[in-house]
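Written below as structure tokens is the structure these notes are about.
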Amino acid sequence: MTPQHRAPDDQDEPALLRDQFRQLLRYRSLLATGVVIGLLGGGYLALGGEDTYTATGEVLVRSAISDPFAAGATADKGINIGSERQTAVSDTVGTLAAGTLLKAGDDVTAQKLLTGLQVTNPPNTLTLRFSYTATDPEQARARAEALAGAYLTHRRARTEESIQNMSDGYRAQLKPLEEKRDLLEDQAGAGSAEDVTSARANIIVAISELSRKISELKALDTTPGYLNKKPVAPTSPTGPGLLLLLGLGGVVGLALGLLLSWVRLVFDPAVRSPRELVHSLGAPLLGTLPRERTANGALLAIGRSGSRLAEEYRAVAFRLAYDPDFAESRRLLVTAPRGDNAAAAAAAANLAAAFAEMGRDVLLVEADLRTPSLARDLGRAAHEVRPPRWAAEEGEGTWPAAGRTNVDVPGSGAFALIPGTTADNVPRALTSPPVARIVAEADRPGNVVIVLAPPVLSYADAVALVDRVEGVMIVCDPREVHRSDLERIREIIGASGGSVLGALLHPSRGRLRRAERRATATRRSGGKGGGGTPAEADGPELTGDPTETLGLRTFTQPAARR
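Residue numbers (numbering that gives the first Met the number 0): 0 to 561.
In structure tokens:
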């Protein structure tokens with residue numbers, strides 16, 4: 000058994016990112032859906048929304064100051080611009096602005112008025128920028144101006160109220176001092192005591208200090224700020240235009256598509272990359288078949304000049320020829336994981352032609368006894384020949400002694416084909432002594448035996464042949480095969496005594512081609528094969544357990560194994 004091949008751990012992050020990006024691009028429909036949704040959303044916002052206009056005014060905030068022209072005097076003393084911004088969007092300012100607008104004929108509540116207001120503060124400034132958005136440009140200008148004016152009015156009233164409260168406090172302290180001063184004046188005379196004169200002087204000094212403070216408060220400049228930029232009616236709607244919204248919608252849609260593709264990729268059971276295929280199957284990737292139209296549905300690509308598909312088959316054949324495990328036994332079992340077996344049949348026929356081109360004596364055995372079609376698909380290239388002497392002794396009319404077919408490959412040689420026929424008991428036919436004798440022909444020098452078996456996970460036929468044909472090649476579509484299927488194939492073949500030599504990938508044939516193949520398979524199953532027995536007589540199409548024929552193997556044939 001060959002050692003398991005595992006994909007090397009690639010620590011190159013750019014390579015991993017490229018691989019992941021290529022995997023996301025597999026779901027182009029989801030990417031296109033996301034982009035379309037984004038473009039539709041951007042177009043709806045641009046064309047379906049109502050035009051809005053924004054008017055802006057700027058207010059320079061200043062604090063009350065006694066002498067603005069004095070040296071060292073600053074207008075930002077005691078100003079917290081963050082608190083002022085909160086005040087500008089408060090209900091108090093909104094109520095004052097609503098009252099002003101009501102006088103101008105604009106009846107709006109304070110709560111509704113504040114919904115269109117946005118107050119910002121440019122960095123490192125004492126400026127508040129009032130921006131108001133409305134559906135009418137003149138309304139936006141009037142409301143922005145009303146809100147800025149209401150803020151200044153509220154701030155002036157708050158400053159004057161603070162000054163009045165401080166003045167009232169000073170007067171409350173001044174009144175008892177004046178009363179005490181008058182009392183001491185009444186006691187003063189020519190012979191007054193010295194302490195009375197000193198107390199009277201102290202009271203007069205305190206009264207003078209309080210009077211000075213009251214005078215300074217009355218002299219303060221209570222201007223709350225200046226309207227540096229008066230709001231004007233905007234001439235054009237605000238917000239991004241149609242092209243910008245479409246661009247933003249496309250970008251957002253692409254991000255949405257990538258997210259959907261990533262989610263689909265996470266939950267996708269299919270093989271996402273050749274690295275995962277090699278890891279799950281435990282065998283190398285032998286080749287990837289290019290997409291190529293065949294001439295008139297011809298099965299053989301070998302023999303057609305300039306065919307990329309033929310060159311890929313030749314490369315796979317050379318790689319197998321120099322594989323130590325295959326070179327030792329020269330037996331190859333070709334099968335698919337499940338479903339349609341057309342790609343595996345084409346691979347088996349073309350590999351047989353490629354080995355014949357290399358000068359080998361090739362025998363291709365069609366072990367598909369349920370829907371045999373290889374001889375018919377090869378068409379005129381196949382013609383019957385006399386069976387060997389031992390086949391005549393086994394009795395004609397039963398597979399595989401029913402006869403052989405010689406297949407001519409133009410310019411490449413020829414190979415022998417034992418076409419499949421329908422059988423009453425497929426498991427017994429596959430494990431019969433004639434099958435072991437046919438497979439043993441690979442022991443002759445220069446001979447190669449290729450066996451085409453039904454899908455390994457659909458029927459147990461391929462498993463029943465593994466002990467005779469140890470090397471297995473899996474032909475699959477990477478977009479349809481699941482990782483769990485490959486792991487199960489590896490376990491089944493390994494437990495049956497065989498080894499997976501590698502995988503051959505073929506391109507997806509599209510929904511239309513798959514529908515045609517299903518129709519063809521239906522016609523084949525409904526027709527009659529070489530023996531004239533319907534395929535359904537063999538039993539159910541899907542067994543569910545590939546090990547059902549293990550008990551029917553003949554282990555006493557020494558020529559069946561090496």
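A virtual CB, placed ideally from N, CA and C, is assigned to each residue, including glycine.
Because the structure is a prediction, the values reported are computed rather than measured.
Each of 105, 488, 40, 451 was checked against the Cα of residue 343, and the nearest Cα belongs to 451.
Straight-line measurement puts the Cα of residue 112 at about 10 Å from the Cα of residue 106. Counting C-beta pairs with one atom in each stretch, the segment 19-32 and the segment 256-274 have three or more that are closer than 8 Å, which means they touch. A Cβ-Cβ distance of about 6 Å is found for the pair residue 51 and residue 238, placing them in contact under the 8 Å criterion. A Cβ-Cβ contact shorter than 8 Å links residue 301 with residue 349. In the three-state reduction of the DSSP assignment, residue 496 falls in the coil class. Contact between residue 270 and residue 489 does not hold, since their C-beta atoms are separated by about 13 Å, which reaches or exceeds 8 Å.
Within the segment 282-311, the runs of beta strand (DSSP E) that reach at least 3 residues and sit entirely inside it are, in chain order, 284-287. In the DSSP assignment, the residues bridged to residue 117 are 130. Comparing alpha-carbon positions, the option among 119, 130, 217 lying closest to residue 162 turns out to be 217. The Cβ-Cβ distance between residue 59 and residue 92 does not fall below 8 Å. Assignment of beta-bridge partners to residue 473 by DSSP yields 334, 502. Within the model, the alpha-carbon separation for residue 287 versus residue 277 is close to 13 Å. If you keep only unbroken beta strand (DSSP E) runs of at least 3 residues inside the segment 352-378, you get 360-365. Taking a 10 Å sphere around the C-beta of residue 445, we find fewer than 16 other C-beta atoms and assign the residue as exposed. Selection 152, 469, 204 evaluated against residue 177 yields 204 as nearest (Cα-Cα). Taken through DSSP and simplified to helix, strand or coil, residue 407 comes out as strand. For residue 26, there is no enclosing beta strand (DSSP E), as DSSP gives it neither H nor E.
Cβ contact annotation for residue 346 (same chain, cutoff 7 Å, sequence separation greater than five): 333, 474, 503, in chain order. In this structure, residue 142 and residue 223 do not form a Cβ contact; the two beta carbons are roughly 20 Å apart against a cut-off of 8 Å. Inclusion of residue 249 and residue 38 in the CB contact set at 8 Å is warranted, their separation being smaller than that value. Shown here for residue 312: same chain residues with a beta carbon closer than 7 Å to its own, the five before and five after excluded, namely 300, 301, 349, 350, 353 in chain order. Secondary structure of residue 448 (DSSP, three-state): strand. The beta-bridge partner set that DSSP reports for residue 481 consists of 269. By the CB criterion at 8 Å, residue 363 and residue 449 fall inside the cutoff.
With contacts defined as CB atoms closer than 8 Å, residue 126 and residue 227 qualify as a contacting pair. Spatial neighbours of residue 454 in its own chain (CB-CB distance under 7 Å, excluding positions within 5 residues in sequence) are listed in chain order as 334, 335, 336, 337, 338, 340. Taking C-beta separations shorter than 6 Å and ignoring five residues to either side along the sequence, the partners of residue 173 in its chain run 209, following chain order. For residue 282 against residue 501, the beta-carbon gap comes to about 5 Å, under 8 Å, which counts as contact. Taking 8 Å as the cut-off, the Cβ atoms of residue 150 and residue 87 count as close. Going by DSSP, residue 468 is part of no beta strand (DSSP E) at all; its letter is neither H nor E. Boundaries of the beta strand (DSSP E) around residue 55: 52-60.
For residue 417 and residue 31, the gap between their C-alpha atoms comes out near 49 Å.
Spatial neighbours of residue 97 in its own chain (CB-CB distance under 7 Å, excluding positions within 5 residues in sequence) are listed in chain order as 107, 108, 109, 112. Counting only unbroken stretches of 4 or more residues, the alpha helix (DSSP H) elements lying wholly within the segment 167-253 are 193-217, in sequence order. The criterion of a C-beta distance shorter than 8 Å is satisfied by residue 280 and residue 485.
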